[in-house]
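Accompanying notes for the structure given below.
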Amino acid sequence: MATPQATIERAPAGPGAGQAGPDGERSDIVRAARTVLAREGWRHCTAEATAAEAGLPTAAVGRHFPDHEQLLLGVLLDSSASVAASLAAVAESYLAEIHDLREDLIALGRAWLAPLEAFREHFAIVRHISAEVTHLPAQAVDKWQATGPRQARRELARRLQQVAARGLLDIADADQAAERFILLVPSSVVQRSFHGALPLGRAEEDALIADGVDDFIRLYGPASR
């Protein structure tokens, strides 16, 4: 899934990280910016903080990324695109075949929460960004939403429309249906857990997901209109 213009190359951890040379230095800077952004938020992720995390002089950060805000935006968009791609795969996998509508939607709702654990650093960034939203550069929030949440919602809408085409749901507006599914099913867990920072118990999660699915089916079940 493509990321908008501010995208930067992913900086892999593990073998090859910290390698010498301009490319390795650039990757170290990107990785350091991601770490500081997740730990301290946008306003505190300065060129100096990024350089300290990377173990490089501040001048090296400026040499590779003259506009530090573009580095931060690139990190945010790259991370958001990865989560959106993961959620698109979840929607494709769980809605490709429907055997029991309620149970399959419950399974989808649980799988939709998997990125909270798989992308912990991303959701740490999201928690900071949500608190700092009024301090972000102009258009940064819209680019983030377009790359991450809205892209994931579009993919879910497309899959729900396919389910409706098989007569299993009654959907007039797939985008609205996708938004309502997200609000009714995974969002209650996401909000109560503060984007995974304070995980809920399995029983509580299951109850929230099941209740949300029941509400969704009341709205969009084939006999609900």
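So in the working numbering, the last spot in the sequence shown is 226, and the numbers never skip.
All C-beta atoms in this analysis are idealised placements derived from N, C-alpha and C, irrespective of residue type, glycine included.
Member of the options whose CA lies at the smallest distance from the CA of residue i
i	options	result
A208	T51, P187, G75, I30	P187
E206	S194, L102, D216	S194
H129	S94, R155, L77	L77
G149	L102, R27, A89, D176	A89
R154	D176, I172, Q162	D176
S80	Q146, A211, A112	Q146
A132	W43, A33, R32	W43
L157	D101, D174, G168	D174
V1	R151, A179, A204	Because the chain here runs from 2 to 226, residue 1 falls outside it and cannot be looked at.
L220	I210, L199, F182, A82	F182
D29	L72, G110, Q140	L72
V84	R151, G56, P138	R151
H136	A33, H45, P223	H45
R203	D24, G63, E41, A115	A115
L74	A139, A198, L170	A139
Cutoff 8 Å; reference residue i; Cβ partners in own chain excluding five residues on either side
i	result
V134	V142
A228	Residue 228 is absent from the structure shown; the chain starts at 2 and stops at 226.
T36	E54, E122
I218	L102, R103, L106, S225
Bounding residues of the alpha helix (DSSP H) (the contiguous stretch that carries residue i)
i	result
H65	59 to 65
P200	Premise fails: P200 is in no alpha helix (DSSP H) and is neither H nor E.
H123	121 to 132
G75	69 to 96
G110	102 to 113
T47	Here T47 belongs to no alpha helix (DSSP H), and DSSP marks it neither H nor E.
W43	Unbroken run through W43: none, as it is neither H nor E.
I172	Run containing I172: none; DSSP gives neither H nor E here.
P150	150 to 166
V190	187 to 193
Neighbourhood of residue i by C-beta distance below 7 Å, restricted to the same chain and skipping five residues each side
i	result
H196	L117, F124, V127, R128
S105	At residue 105 the sequence reads Asp, which differs from the Ser that was named. Answer for D105: Y95, I99, listed in chain order.
E49	T59
A211	I107
I172	L161, Q162, A165, A178, Y221
Rounded Cβ spacing between residue i and residue j (contact assumed at less than 8 Å)
i	j	result
I107	V214	5 Å
A52	A61	7 Å
H69	E26	With 8 Å as the limit, H69 and E26 do not qualify as a contact, their Cβ atoms being about 16 Å apart.
R160	A92	4 Å
Residues near residue i by beta carbon distance below 6 Å, same chain, minus five either side
i	result
D216	L185
P200	S194
Proximity test, Cβ basis, 9 Å: residue i and chain C
i	result
V76	Chain labels in this structure do not include chain C; a single protein chain is all it has.
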